[in-house]
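S.K.:
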Amino acid sequence: MDTNNPMSPEEPVTGVSAAASTEASTTRRKRRLKRKGRRVVVGAVALGLGLTGAGLVAQAVTPDAQTATADLDAASMVNQGKDIYEVACITCHGANLQGVQDRGPSLVGVGEGAVYFQVHSGRMPMKRNEAQASRKDARFNEQQTLALAAYVNANGGGPGIVKDSDGNIAMDSL
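Counting with UniProt numbering, you get residues 1 to 174 for the letters of the sequence shown.
What follows is the structure in structure tokens.
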């Protein structure tokens with residue numbers, strides 16, 4: 001221990017300067033914590049405002065939800081038609097469109113035009129086996145009817161659906 005040096009580390013610091021230094025240190029620490037707290041709050045508010053703004057912008061530029069009106073591509077039309085065929089047609093027309101004796105004729109070669117006519121006019125599916133099916137309300141909507149016609153055409157071939165100069169189905173021909 002060095003007794004000649006008044007600032008010897010072994011001796012405790014006493015007096016006004018030690019208290020002032022401790023108080024100053026505590027004050028600085030409190031200020032730092034307060035600034036840090038403010039920065040955290042300001043950062044959280046800025047983040048919240050930024051995310052809210054981004055959400056509003058995204059909502060503004062996103063178009064409204066719409067019902068799908070686009071035509072399905074050929075493969076998905078055929079698949080949809082197959083699903084309908086397996087539920088509503090297979091009993092009378094068979095698994096391979098070959099027809100079932102005393103129930104329904106073969107659909108091989110009839111084409112999508114004949115299928116569209118029979119299904120759209122409500123003649124198919126029939127409730128009972130008759131020589132000529134009578135016209136009634138259609139069981140399937142337009143999309144389902146087109147899908148069923150696409151399936152039969154893809155697997156049995158035949159004449160297509162008659163369309164007018166605008167590319168729409170020529171309903172006058174039905």
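Virtual Cβ for every residue (Gly too), placed ideally from N, Cα, C. Computed from a predicted model, the values in this text were never measured in an experiment.
Alpha carbon to alpha carbon, how far is A54 from V41? Give it in angstroms, no decimals.
M.R.: The sequence position of residue 41 within the sequence shown is 41, counting from 1. The sequence position of residue 54 within the sequence shown is 54, counting from 1. C-alpha separation (whole angstroms): 20 angstroms.
S.K.: For V100, does the three-state DSSP call read helix, strand or coil?
M.R.: Counted from its first residue, the sequence shown places residue 100 at position 100. Strand, per DSSP.
S.K.: If the criterion is Cβ atoms closer than 8 angstroms, does the pair A138 and A74 meet it?
M.R.: The residue you call residue 138 lines up with position 138 of the sequence shown. The residue you call residue 74 lines up with position 74 of the sequence shown. For A138 and A74, no; Cβs fall outside 8 angstroms.
S.K.: How big is the Cα-Cα spacing for S76 and T52?
M.R.: Looking up residue 76 in the sequence shown gives position 76. Looking up residue 52 in the sequence shown gives position 52. Computed Cα separation, rounded: 40 angstroms.
S.K.: Does DSSP classify I161 as helix, strand or coil?
M.R.: By one-based count along the sequence shown, residue 161 stands at place 161. Note: I161 maps to coil in three-state DSSP.
S.K.: Closer than 8 angstroms by C-beta to G157: which residues in its own chain qualify, once you throw out the five before and the five after it? Chain order, please.
M.R.: Within the sequence shown, numbered from 1, the residue matching residue 157 stands at position 157. These residues qualify, in order along the chain: V108, G109, G111.
S.K.: So, is A170 buried or exposed, given that buried needs 16 or more other C-beta atoms within 10 angstroms?
M.R.: Taking the sequence shown and counting its residues from 1, one reaches residue 170 at position 170. The residue in question, A170, is exposed, as its Cβ has fewer than 16 Cβ neighbours within 10 Å.
S.K.: Name the DSSP beta bridge partners of I169, please?
M.R.: Position 169 of the sequence shown, counted from the start, is the residue given in the question as residue 169. According to DSSP, I169 bridges with K163.
S.K.: Could you work out which residue in C89, M124, T91 is closest to K136 when comparing CA atoms only?
M.R.: Along the sequence shown, one-based indexing puts residue 136 at 136. The candidate whose alpha carbon is nearest that of K136 is M124.
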